[in-house]
Structures are given as structure tokens and as C-alpha cells.
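Encoded as C-alpha cells, the structure appears first; notes follow it.
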Amino acid sequence: MNRTQPRSNRGRRAVAFTLTGVLTVTGLALGAGPALAHDGVDHGAEPGAEAALDWSNYEKTTLTKDVGEPLDLAVLPDGRVLHTARNGDIRLTDPSTGVTRITNTVPVYANSEDGLQSIGLDPDFEENNWVYLVYAPPGNTPAGSAPNTLPAGEDESYWDRWVGVNRLSRFQWTGNGIDLASEQQILDVEVQRGQCCHVGADFDWDAEGNLYLSTGDNTPAGTPGANGFAPNNDAPGMNPGFDARRGAGNTNDLRGKILRIHVEEDGSYTIPEGNLFPEGTENTRPEIFVMGVRNPFKLDVDPETNSLTWGDYGPDATKAVADSAGRGPMGLVEWNAVGLDEPHNSGWPFVHGPNAAYNDWDFATATPGAFFDPENLVNDSRWNTGLTNLPPARPATLYYGDNPGDQPWDELVSFGTGNGQGPMGGPVYHRPADAGPDAWPAYWEGKAFFGEFSQDYIAAFTVDWDSFEVTHIEDVTPNAAMTAEGWPPIDNPMDIEFGPDGSMYVLDYGDGFFRANPDAGLHRISYAEGNKAPRAAFTATPTSSSSAPLTVEFDASASSDPEGSTLTYEWDFDGDGTFDATGVEAEYTYTAIKAYTARLKVTDPEGKFTLTSRAISVGNQAPEVTLAYPENGGFFTWGDAVPFQVTTQDAEDGTATDCTRVSWTYGLGHDEHAHPEVSGTGCKGAFKTNPDSPEHGPGALLYGAVVVTYRDAGANGLPAATGEATLRLNPREQQAEHSARTGVTVYADETALAGNAVRGLGTGDSLEFTPVSFSGITGAVVRANGGGEVQLRWGAADAAPFATATIPAGAGWKDVEIAFDAPEGTGDLFVTSADDLAVDAITMVGPGVADVAAPTVAHTLAPATPTGAGGVFTEPVRFAVQAADNGALASVQYSRDGGATWTNLAANQQYGVTFSESGTYDLQYRATDTQGLVSEVGSVSFTIDLDAPEEPTVDTTTTATVAAARVPYGKPGEVTVAVSAAEGTAAGEVVLTLGETEVGRGTLGADGTAVVALDPALGVGSHTLTASFVGGEVFKPSSGTVRLTVARTTSTVAATVSPNPVKPAVAAKATVQVTTGSGAVAAGDVTVTVKRNNQTVATLTGTLDASGASVVSLGRLPEGTYKVDVAYGGTAGISGSTTSTTLTVRS
302 MNRTQPRSNR
312 GRRAVAFTLT
322 GVLTVTGLAL
332 GAGPALAHDG
342 VDHGAEPGAE
352 AALDWSNYEK
362 TTLTKDVGEP
372 LDLAVLPDGR
382 VLHTARNGDI
392 RLTDPSTGVT
402 RITNTVPVYA
412 NSEDGLQSIG
422 LDPDFEENNW
432 VYLVYAPPGN
442 TPAGSAPNTL
452 PAGEDESYWD
462 RWVGVNRLSR
472 FQWTGNGIDL
482 ASEQQILDVE
492 VQRGQCCHVG
502 ADFDWDAEGN
512 LYLSTGDNTP
522 AGTPGANGFA
532 PNNDAPGMNP
542 GFDARRGAGN
552 TNDLRGKILR
562 IHVEEDGSYT
572 IPEGNLFPEG
582 TENTRPEIFV
592 MGVRNPFKLD
602 VDPETNSLTW
612 GDYGPDATKA
622 VADSAGRGPM
632 GLVEWNAVGL
642 DEPHNSGWPF
652 VHGPNAAYND
662 WDFATATPGA
672 FFDPENLVND
682 SRWNTGLTNL
692 PPARPATLYY
702 GDNPGDQPWD
712 ELVSFGTGNG
722 QGPMGGPVYH
732 RPADAGPDAW
742 PAYWEGKAFF
752 GEFSQDYIAA
762 FTVDWDSFEV
772 THIEDVTPNA
782 AMTAEGWPPI
792 DNPMDIEFGP
802 DGSMYVLDYG
812 DGFFRANPDA
822 GLHRISYAEG
832 NKAPRAAFTA
842 TPTSSSSAPL
852 TVEFDASASS
862 DPEGSTLTYE
872 WDFDGDGTFD
882 ATGVEAEYTY
892 TAIKAYTARL
902 KVTDPEGKFT
912 LTSRAISVGN
922 QAPEVTLAYP
932 ENGGFFTWGD
942 AVPFQVTTQD
952 AEDGTATDCT
962 RVSWTYGLGH
972 DEHAHPEVSG
982 TGCKGAFKTN
992 PDSPEHGPGA
1002 LLYGAVVVTY
1012 RDAGANGLPA
1022 ATGEATLRLN
1032 PREQQAEHSA
1042 RTGVTVYADE
1052 TALAGNAVRG
1062 LGTGDSLEFT
1072 PVSFSGITGA
1082 VVRANGGGEV
1092 QLRWGAADAA
1102 PFATATIPAG
1112 AGWKDVEIAF
1122 DAPEGTGDLF
1132 VTSADDLAVD
1142 AITMVGPGVA
1152 DVAAPTVAHT
1162 LAPATPTGAG
1172 GVFTEPVRFA
1182 VQAADNGALA
1192 SVQYSRDGGA
1202 TWTNLAANQQ
1212 YGVTFSESGT
1222 YDLQYRATDT
1232 QGLVSEVGSV
1242 SFTIDLDAPE
1252 EPTVDTTTTA
1262 TVAAARVPYG
1272 KPGEVTVAVS
1282 AAEGTAAGEV
1292 VLTLGETEVG
1302 RGTLGADGTA
1312 VVALDPALGV
1322 GSHTLTASFV
1332 GGEVFKPSSG
1342 TVRLTVARTT
1352 STVAATVSPN
1362 PVKPAVAAKA
1372 TVQVTTGSGA
1382 VAAGDVTVTV
1392 KRNNQTVATL
1402 TGTLDASGAS
1412 VVSLGRLPEG
1422 TYKVDVAYGG
1432 TAGISGSTTS
1442 TTLTVRS
């Protein structure tokens, strides 16, 4: 946000539909309310429209392309521009010199959408020099993403470790940067970290000096079970971040709000009168002015119109899904305009748009509840700490969906190109009193500006500021007109401001995510009838080197003049403020190791000029970053882990990559934007995709978006340089409607996989999917109807097909699977047909780039070999697991109880643990990767005896015998173990084992024998028992084996019924006793069947107790004689048996 004085305002995200009172929209077809009549786009209706809407009267100047990952801007009174990047960088661009530099880097917690957000100037900046920031300060938050569900063994306090804050602070401006040491921390908003999304974080002031701060609901768009509707998931064990009611719907929480405070001299704040809840109201926060918002990313406060305006994002259900699901409205976004005396509840996450209601979905059982009533909203979330009964909801001023017909004002989805909805508001324009020739005309006075991030356009709303009704919408600087004039197009507008000169400043994010996009930039759009400023552009070859001297060729031939006039060119090669050369082309040799800024000034005959610059690095070249795998455009299934490996080449550092300098971000791509989900460091690992990502909204265009950066070590005293690589990962199911389409029509079809499909795919038509890599793909399933052939082609729509699917004739969708030898590398997939078919989806067959290789494990012991008598260790032993995976390890574990329980080994301890106590250690170990693949289980056994004697010297022989080679279950008998010694009589313990399991233990007597009783629970089967003599100070260990067969034992059932006879009103009971031939206690169930005249009257079940008995009530029966059959089914070791008795029932 930013303004230099209270009247220079910034509004954001406008949507035109005003309702008075409260409107409820429920039912199945919740796409939008009925379209209200409006005046369309009548450009001639207002004075000055002809000149103001003649886009040839404007000029667009690119002030800088050096913006990082841009988020917000502020225009200083002297015309310089501050702008922020998510990584914490604050840049200062000076249009008078053409130079951009990083003035400060604010330390931030950077995960998902967190980081440095907005920047703004105090209304009295020229007197007090305060610059305000909203940012996520670093803390002790665990790395990576929080789990979806509560980990085993944890209670709900576990979630506390993921709690952090987003902070509003102010700093002193020094003239060329902010003084980080001067920070006054004003307000912390507690948030849940380790998850995406919705930060909000914009701010502005009213005429009274009150500050308005927007906050997002801090809830993922892909909440499990949400399916593109309201994420109100408070099911037991789920991450509390999945419930938007805990924040936006909570009167006692600052998230999902617009706050209003007054900042005092010492940086503290007070509460102005007139907020939603008076101070002291129980279970409320007095800072709240508006509650119930989702992601009010940009807002504006305009004292002249007494208005607060903001845009709000919505969830992602398509209209087709909303029409069929019955859970609430399709994904709508909003723009709202209210008076500064109108605190209220905007309704999220209970209603959205025109108060279209969601139902109270039970996420634990996936069943619908009643629809929320916007006039009587109830927050019964288990995470709610505020009021249960909420203020009534106020409908949006404007809202819009995906396509024409989804909203009253179809201009909102027709002005731009691109997919999705990305409402970014802009300022309410007020022409400066001392406006110069660059100021926008008075025609725009009082209009609210709006940017559409996903659709690449800026609009202006004419608003009746008494009723806050939007009466007129205009497409501002449309891209068709801009490109026709030779200006750069609007490209994902992130922030819009009017500066003190009356020009519009636009911060474009560009295409791509979590990175400094090549088409990002800071631009100024000025009114300029007649002569326009020239466009300055130049190339420099090369721009960096490892050593001096460096000779650079400069070429400004890409510069131009709108009027075609001859330009003059001035070059400042070293950035010292003095121009060193003239001419379109120039050459300069840099003789010293240094970071330089080369500037170009282009001037037309009337004296209008433009400056631009670029960095020249002599002494350090940026590294090249490559992803060895996966291939760009590879396919995966949601929930997969996708292994990756990063390599780098650096002119100064060579190919030896410092993996601590590799940073990566994986995010959920959605239409034209993305939600960063997890970040990490390292050269090798795996991008863990979220299995709940499709909950973003059925039918939404979703994909994985990855950015990898490498920051070198710097060289020759120059700062570090950064290189990057990007890739896109595609879900295996590719919807036809999401392709680049030629000659086909998208239509709604409830039988299609995602509610939409394309039709009319015939001769000359095509569907294009890009980028695509068939790595790990062996075929595809083509889902189409109409009868005919569908061809898959590589690289061009007229290339030879590499696979063809024959679609059977007949109504309905046909799924046809085809196998193929896929083209190699990354390219473009074209789908064609000559048969006028409808196509729903192409689903790839095969794992794609998902992890398919389990980890491998090995172990080491230190010391490596036993050091004591009897093969024992006489000192502590360090056990370590060496685990390797082509992706990322999720856990490395060991078990001491045969795999019944597992203990995690810490990565920072090199997956090792030291055992220091005497004892026998029978260890198993394994590793699991983030795909869930588990290694083979390794094992090792060793004994530690810290007081062990010297190695024994006398050989022994161990034999084992049994009294009977075949015994009944429950009475396995005994094993006689005899140990003979070469000298003397052996003494010590003998151990009986079955496989790796100990089944008995005994001590040798004076005759060198021991009788070891076997466990009565020894299972049925033929067993080889091993008798091991453990040895001692003198005697060496030895072992022998014996065979023993355990057979099933018999059982006998006895049953009595009492009372017998019995009256009809009394329930008799059957007492059952099961005994076994071996004396083992019978376990399990008995079945009691009551019959009369050979007809079954009742079948009852009883469970045997610890004595093998059970009492079963037979229930009240009519008069008569009954046969009572009792059956025992037996167990693995006990055979079954039956008995019968009779029962007489009479009065």
C-alpha cells in the first residue's frame, strides 16, 4: 500500500453489485445471483471521456525490470519508488537516474506466501520519515510444511510449534534506505505457519490518522474435503489451519479481518471509536473493523469519499461442480466499498459474494448440514475462541466468477485474457491540485481502480459514493491498445498506485511464480497528449566476467520514438552520473574488478527523455542452474513425491555445488497464479505434492510449480550472484478444457470428469498441452465421444501422429487406453481429430516422474568388531544407518522389539545412536522416503558387557532333546539341553529360540544340563528349535537344534440350561464350558442356536472368559420344547466341538 498524503489513496479489487440489507442465496445452482441491469460500457456518457479514453494520449514507461518477486510499491514525495520482494528485499528506483538498487534486506520467515509484504509511507512522512512494513519475522518455526493430521502420540499442543506472527512495524527513512535498528513493532497477527495461504497484509490511513490493516484467513485453498467450497474442517485430529472459522469467522482472532487502529508516537496503538466491537466486549478483539474476509490482498482508504474499498479472493469450485454438489456457490471473488462508519461482517467462510450461503458440511463424515443463514450466523467450530452468534453478513458490492453469465457485470471476465480470478484493487483517483502535464485527466476523478492479476487488465469503477453502488465499468489501458502503441502490456498487476505527480504506477508480477520473472517490472503510465517520451532499451554483451578487463558492446537500437523522430543517445558506463559516450552503439572496457551500473539516456527532439540501466559485474558471473531430473512437464499423481537433483556451473566456483546455497520452492499452480506450499534447501530431494491439492476445486487448472535458485559465494570482493531454474509438473489427468485450443468449444457437461469438456474437434482443430515430458509414461487413456480417431502428435498439430486412439461410436464417454513409445525430452503435445469429436481428458499411464525406487539401507557399528569375551563389546557401541534415496527420506528408524515399535533416528545425528548400557541388542532398521516407499529391513545383533571377562578358551557342544517329537497345542512340554565341554563341566545359561524369537531360557545344572519349559502358546506347526549355550569366562558358546511338532488339541463342549423348565416371561441362560485335551484354556466364541420343530428361533453368540466359560441369555421364548445346539469353532491350536441340550418353556 502506499500514499504520501491522506488523500493519495490506493483502492483494491472492485466488483460491481450492490445489495441493501441481507440477501441469502442457497440451493444447488449457486453460481451467482441474477444479473442486475446496468449501463454497459457507455464511454461517451461523461465529459472528457473522448480524450481520457483515447489510449494514444498516454505513455507507459518501464522504470525498472529489477523488482525481484514483487509484492508492493510506495511512491516517495520526490518521485522515487520503493518496492518490496517476498524474500525481504526493499528496492529503491529513481526514475531521474534510471537506477534501481536494494536499500535493505529485512530478515523474514519465507515459506508459502509468507515473507515481506506491503510497504507504505506515514501520512505525515515528510515531517516524521516513518516507513511502514508488514512482514513475517523469523522465529523457531520448524522447517518445511506442517502435517495435515496430528502425528501419532501427540496431543493438540503439538500445533503450537507452528504458530508465528505477521508483523506491522515502522522504521525511520534515512533518505536512501530505512534504518532497521529504528523499528517500532506496532502489531503482531498470530498465524499458523508451515501451510499456505492468504496473508492479506495491506494497509492505508483515513483522514483521522487511523490505520486500516488487512489480514488473510491463513487457511489453505486445498483443505481436505473442501472441494473448492468453504474450508471449515475441524474434524478430530486435523490441522487447525484447515478451519477458516478459527480466524475469519472468529470475533476473538485478528485473521481474516480488516483492522482499524491509531498508532501513537511510541509505536503503540489505541482503538478508535466505531469499530465492530466496543473495547471490553467479551470474546472479541476491539481492533476489528471488518470481519469475515478471506484474502483482502489490497485495500484502499479514501478520506474524500469516506470509503474503504478492498478485493477479496474466493475458493475455486467451478459452476458445474457447484450446480451438482449442493454445498454452496461456485468460486466467486469480490470487490467491496463501504463507508468508514460501517463496520460489519463480510460473511466468510459462511457466505460469499451476494451472501450466497455454504452449507454446514460435516468434514468428519462428509455429510451436508443446513445452509448458513447470513442474518443468523453461528460459529460452532471447536477452534472458535470468540462469540458463537456472529453479526449478520453484508453482501459484496461486486462479485464475479469464471465465465460470462456468472455475474451481473460480465465485463469483469471479458476485459482480459488468461484464466482464473485474481482481484487486485487500485486507488481512488484524485487529481493533484498542482497537477502537472503527466497527471491523469479530471475525467478519472473519484473513480476506483482495479487490477485483475490472472486476466491481465486494469479497470475503473464509477461509484455512487453515497450508496456505494457501482454504476459504470471501464477497461483502462487495455492490452490491445497498449501493444498497438508499442507499450508493454499489463502482465499480472500486483499493485497499482497514483503518485504525487498524478501518474499511475503499476507493479507487474509477470508470468511465473516465486521468482524474479523476466516479464515483471515497475511501470509508470502518464497522460501525454501529443509528443511521447521515447522508449529506452539496450543490450550489453557480455554483462559479466570473472576477471578484468571486460569489454562490453552496448547496442540501443531497440530503443524507439513513438513519433518516429531521430533520437540522441547518451551512455554512462560506470554509473558515476557523467555521460561518457553518445551514439546508438558504444563499446566500453571495464578495467577494474567492481559491480557497475551502466545507464542509457534516450532523448527526442523536443527534449523528452527516458533512462534505463542494467548491472555489469566484473569479477563475478551468475551461476547456471540445471535440474538433472525431473524433466520439465513431467507427469505425477497428487500425493506423489517427485525426486529432483540440482547441478550448477559457476565461472568462479566451478561445478562443485555448495548445496547449502541451493534453495527451492514447490507450489500449487492454479490458473495464472500459484500458492507456494513448501520450501527447502539442498541439491537433492523430492518435491512432495499434496494429495489434497484437488480439494482446491474440482475441475480447476492445477499443476506443480517449482523454482530452484543457487546463490554463489561471490568473488573478487563482489557480492554473490544468483541463478535459477524453473519447471512445471503436470498431473497425469489433463482436462481438455485446460489446453490451448484451436477451433473447439468448451461446454459444461455434468458427465465429464471435471464438469466441462470440449467439442467440435475436427479437421484443422487442435488441443495443445505444454510443457510435456513423457518420462515414465507408457501410454494414455483418451476419454472422448462421437466415434472416430484421436491422434497424439509431438511438436506441431500437423506432425506425424505417434499414437492413435480409436473411439467407438455411440452415446456417452468412451475411455480408450493406448500404449506408445513416447517422444523424448520436453515439448508440446497436440491432440487432433478429423471426426468432429468431443474430448474430456487425456490421462497418462505410468508413474511419470514420481518416485518409484525405495531407499536402500546399510549399517555400521563403531567399534566395528566385538572387543570382549564371548563376542561381546566391552565399551559403548554407536549404531548408525546409511540410508540413500533418489528423492528425499521421510524417516530412518530402528526397532529393538522385532519391529513392533520403531524409533526415529535424527538426520542431524547422521541417523545414529550410541548404546552405552550392558545388554543384548537385537536391532532392525529401515528407511522410508517421502513417496512412502520402505526399504528392505536390515538387522544386526550384538551384546554389550562393560564388565566382560577375557575371551573363553574351552570348546563346547550343545545338544537338545524333547520327550516327545509330537505334542498337543497348549502342552508343548520341555526341552532338555545338554552342554558338554572339552574340559570340565559347562556352566551358564542356555537359550531356546524359534527363528529370531526367544521361546525359553534356563541355567545349566551341575551335570551340564538344563530343562527348559516351552511356552504353552507355542503355535501349531513343525518347528526347529535352536538351543544356544551363551558361554562364559571359560567356555565358548555353542548351539544345537531339535525338531518339535505341535498339533491341534481337541476340545469338549458342555452346556446346561437353567432354569429348565422356564416360564415364557423368564429368559433362560445357557452355561457353556469348553475344555481341551491338553488342558489349554479355550478362547474365542461359542454359537448357541435355539430351534423348535427344526426351525431356528434364535442364533446367539457368547465369548469365552479366562476359564473357557460363557453364559448366554436365550431370551424370553413362547411355550414349547426347544433344542439348544452349542458349537465351539476352535482356534488355530484348538479344534472345534459341539453339544446339544433341550429347554422346556411352559407356564
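Each position in the sequence shown, counted from 1, maps to that position plus 301 in my numbering. Cβ coordinates follow ideal geometry from the N, Cα and C atoms, glycine included.
Worksheet item: Do you know how far the Cα of Val-1007 is from the Cα of Phe-1243?
Response: C-alpha separation (whole angstroms): 46 Å.
Worksheet item: Is the CB-CB distance between Ser-1219 and Thr-1351 below 8 Å?
Response: no
Item to complete: Determine the DSSP secondary structure at Tyr-513, reduced to helix, strand or coil.
Response: strand
Worksheet entry | Stretch-stretch touch, CB-based, cutoff 8 Å, three pairs: the stretch 379-397 with the stretch 453-473 | no
Discussion item. Is it the case that the stretch 1007-1026 contacts the stretch 1216-1230, given that we only count it when at least three CB pairs across the two stretches are under 8 Å?
Written reply: no
Practice prompt. Reducing DSSP to helix, strand and coil, say where Val-1398 ends up.
Written response: strand
Worksheet item: Do the CB positions of Ala-841 and Arg-915 come within less than 8 Å of each other?
Response: yes
Worksheet item: Out of curiosity, what's the CA-to-CA distance linking Thr-1166 and Thr-1175?
Response: Just so you know, the alpha carbons of Thr-1166 and Thr-1175 end up roughly 11 Å apart.
Worksheet item: For Asn-1017, which residues from the same chain have a beta carbon less than 7 Å from its beta carbon, with the 5 sequence-adjacent residues on both sides left out?
Response: Closer than 7 Å at Cβ, skipping near neighbours: Ile-894, Gly-920 and Asn-921.
Discussion item. My output table needs one value for Lys-909: the three-state DSSP class, helix, strand or coil.
Written reply: Here Lys-909 sits in coil by DSSP.
Practice prompt. Using a threshold of 8 Å, state whether the C-beta atoms of Val-729 and Ala-749 are closer than that.
Written response: yes
Practice prompt. Taking the CB atoms as reference points, tell me whether Val-1280 and Thr-1259 lie closer together than 8 Å.
Written response: yes
Discussion item. For Ala-1098 and Leu-609, what's the separation of their Cα atoms in angstroms?
Written reply: Answer to the nearest angstrom: the Cα atoms are 51 Å apart.
Worksheet item: Do Ala-694 and Pro-675 have their C-beta atoms within less than 8 Å of each other?
Response: yes
Worksheet item: Beta carbon of Leu-1449, beta carbon of Leu-1093: below 8 Å?
Response: Absent from the structure is residue 1449, since the part of the chain shown begins at 302 and ends at 1448.
Discussion item. Can you give me the C-alpha to C-alpha distance between Val-342 and Tyr-701, rounded to a whole angstrom?
Written reply: Unreliable positioning characterises Val-342 in this predicted model, as indicated by a pLDDT of 48, which lies under 50. The coordinate reading is nonetheless provided below. Cα to Cα, the separation comes out at about 17 Å.
Worksheet item: Which runs of the beta strand (DSSP E), 3 residues or longer, sit entirely within the stretch 1279-1345?
Response: For the stretch 1279-1345, whole beta strand (DSSP E) runs of length 3 or above, ordered along the chain, are 1290-1295, 1298-1304, 1310-1314 and 1322-1330.
Worksheet item: How would you label Gly-440, buried or exposed, when you count the other beta carbons within 10 angstroms and need 16 or more for buried?
Response: exposed
Discussion item. Can you give me the C-alpha to C-alpha distance between Thr-582 and Phe-769, rounded to a whole angstrom?
Written reply: 30 Å
Fill in: Beta carbon of Ser-1414 nearer than 8 Å to that of Ala-1368
Yes.
Practice prompt. My understanding is that Thr-772 touches Leu-688, with C-beta atoms under 8 Å, so please give their C-beta distance in whole angstroms.
Written response: Not really, about 36 Å apart at Cβ, beyond 8 Å.
Worksheet item: What residues in its chain sit with their C-beta under 6 Å from that of Leu-324, if we drop five residues either side in the sequence?
Response: With a pLDDT of 34 at Leu-324, under the threshold of 50, the modelled position of that residue is not reliable, and the figure given next carries that caveat. Once the five neighbours on either side are set aside, the close Cβ partners of Leu-324 are Pro-655, Asn-656 and Pro-696.
Worksheet entry | Alpha-carbon to alpha-carbon, Ala-1154 and Asp-1186 | 8 Å
Worksheet item: By Cβ distance, which residues of its chain are closer than 7 Å to Ala-1283, with the 5 residues on each side in sequence left out?
Response: Val-1255 and Asp-1256
Worksheet item: Where His-645 and Ser-515 are concerned, what is the direct C-alpha to C-alpha distance, given to the nearest angstrom?
Response: 14 Å
Worksheet item: Count the other CB atoms within 10 Å of the CB of Ser-569; is the residue buried (16 or more) or exposed (fewer)?
Response: With fewer than 16 Cβ atoms within 10 Å of its Cβ, Ser-569 is classed as exposed.
Worksheet item: Under three-state DSSP, which class holds Phe-1121?
Response: Here DSSP, grouped into helix, strand and coil, assigns Phe-1121 to coil.
Practice prompt. Check each candidate in Gly-517, Asn-534, Asn-677 and Gly-1421 and name the one with the smallest Cα separation from Leu-555.
Written response: Gly-517
Worksheet item: Between the Cα of Glu-574 and the Cα atoms of Arg-1029, Lys-985 and Arg-561, which residue gives the shortest distance?
Response: Arg-561
Discussion item. Nearer than 7 Å: is that true of the beta carbon of Asp-642 relative to any heavy atom of the ligand SAM?
Written reply: Annotation note on the ligand SAM: not contained in the displayed structure, which lists no ligands.
Practice prompt. Say whether the stretch 835-853 touches the stretch 885-893, bearing in mind that this needs 3 or more beta-carbon pairs closer than 8 Å, one atom from each stretch.
Written response: yes
Practice prompt. Tell me, please, which residues DSSP counts as bridged to Ile-1143.
Written response: BP columns for Ile-1143 point to Gln-1035 and Val-1083.
Fill in: Status (buried if at least 16 other CB within 10 Å, exposed otherwise) for Glu-272
No statement about residue 272 is possible, as the shown extent of the chain runs from 302 to 1448 and does not include it.
Discussion item. Buried or exposed for Ala-1120, going by 16 or more other Cβ atoms inside 10 Å?
Written reply: exposed
Worksheet entry | Gly-416 versus Glu-996: straight-line alpha-carbon distance, rounded | 25 Å
Practice prompt. Ignore the nearest five residues each way along the sequence and tell me which others in Ala-338's own chain have a CB closer than 6 Å to its CB.
Written response: Only weak support is given to the placement of Ala-338: the predicted model assigns it a pLDDT of 39, under 50, and the question is left unresolved by the model.
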